[in-house]
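K.L.:
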Amino acid sequence: MRTDFVFMWEEPDGDRRWEAVAENQYAGFLEQLLNSGVHPATVMVGYAPILFHWVWKKFHKGLSDVYFQKINDEIYGTEPVEESKHKPVDVPLEKREETKYGWIAPDGRFFGCDYGGHSYLAGEIVGEIQYVRDPERHLEDLGWLKVFSGSGTGRRYSVGMGEGKCITDEQLKTLEQMGLGEAYGVSGYLWKRGERK
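Number 202 marks the last residue of the sequence shown (the working numbering); no jumps.
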């Protein structure tokens, strides 16, 4: 059967599909798509000639161009598929060390994020309560402890808080459990507790 159009669309579940359609099926095919819940904005059509190429020409009589008018006849090719002799390469996956960046609430709860993700995470935490212009500073001023990269300090991690704030017992316990009791800046926030080193 001669197929003149190639439709591409996205299903309501996000699955992307395509179909080659003959001219006399055009209207009915579109109606079926819309009745099945496909959003019209996701529907695309290609008219002949369309420039698509077969990846393995040997299955298509050595031809490179995909001939969409006869796609249903040609899709499986003319040569039998050879048994694959491919053996997967055993490539070891590099194990990334889990980072400890994030925020520690005054009650000791830890909220982790990726490197550079502190502002976004702070916005998520504060955004549930109210809008603030600088969510990082807002958390620091509320006594939250920021755990971030210690680059330039000679240590892997640094900590920071709002001015005049000190680490709570719960925050210190969380830091120690994370192995960050000696992170850069910790001693500076213990001064109100009489523990400054």
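Virtual Cβ for every residue (Gly too), placed ideally from N, Cα, C.
(1) Mapping DSSP to helix, strand and coil, what is Y106?
(2) Taking buried to mean at least 16 other C-beta atoms within 10 Å of its own C-beta, is M166 buried or exposed?
(3) By alpha-carbon positions, which one of L150, D139, R22 ends up nearest to F116?
(4) Taking the straight line between their C-alpha atoms, what separation do you get for D18 and Y189?
(5) From D139, F12, F153, P111, pick the residue whose C-alpha is nearest to that of C118; which is it?
(6) G107 to D20, Cα distance in whole Å?
(7) Could you compute how far the alpha carbon of F10 sits from the alpha carbon of P140?
(8) What first and last residue would you give for the alpha helix (DSSP H) that runs through V131?
(9) State the Cα-Cα distance for the pair E145 and L195, rounded to the nearest angstrom.
(10) Could you check where the beta strand (DSSP E) with Y189 kicks off and where it finishes?
(11) What is the DSSP secondary structure of R142, counted as helix, strand or coil?
(12) Please state whether DSSP places L147 in a helix, a strand or coil.
(13) Quick one, which of V191, M183, E15, V43 has its alpha-carbon nearest R114's?
P.N.:
According to the structure data:
(1) coil
(2) By the 16-neighbour rule on beta-carbons within 10 angstroms, M166 is buried.
(3) L150
(4) 48 Å
(5) Nearest option by C-alpha distance: F153.
(6) 35 Å
(7) Across the structure, F10 and P140 are spaced so that their CA atoms are roughly 52 Å apart.
(8) 123 to 132
(9) 15 Å
(10) Where Y189 is concerned, there is no enclosing beta strand (DSSP E), given that its DSSP letter is neither H nor E.
(11) helix
(12) coil
(13) M183
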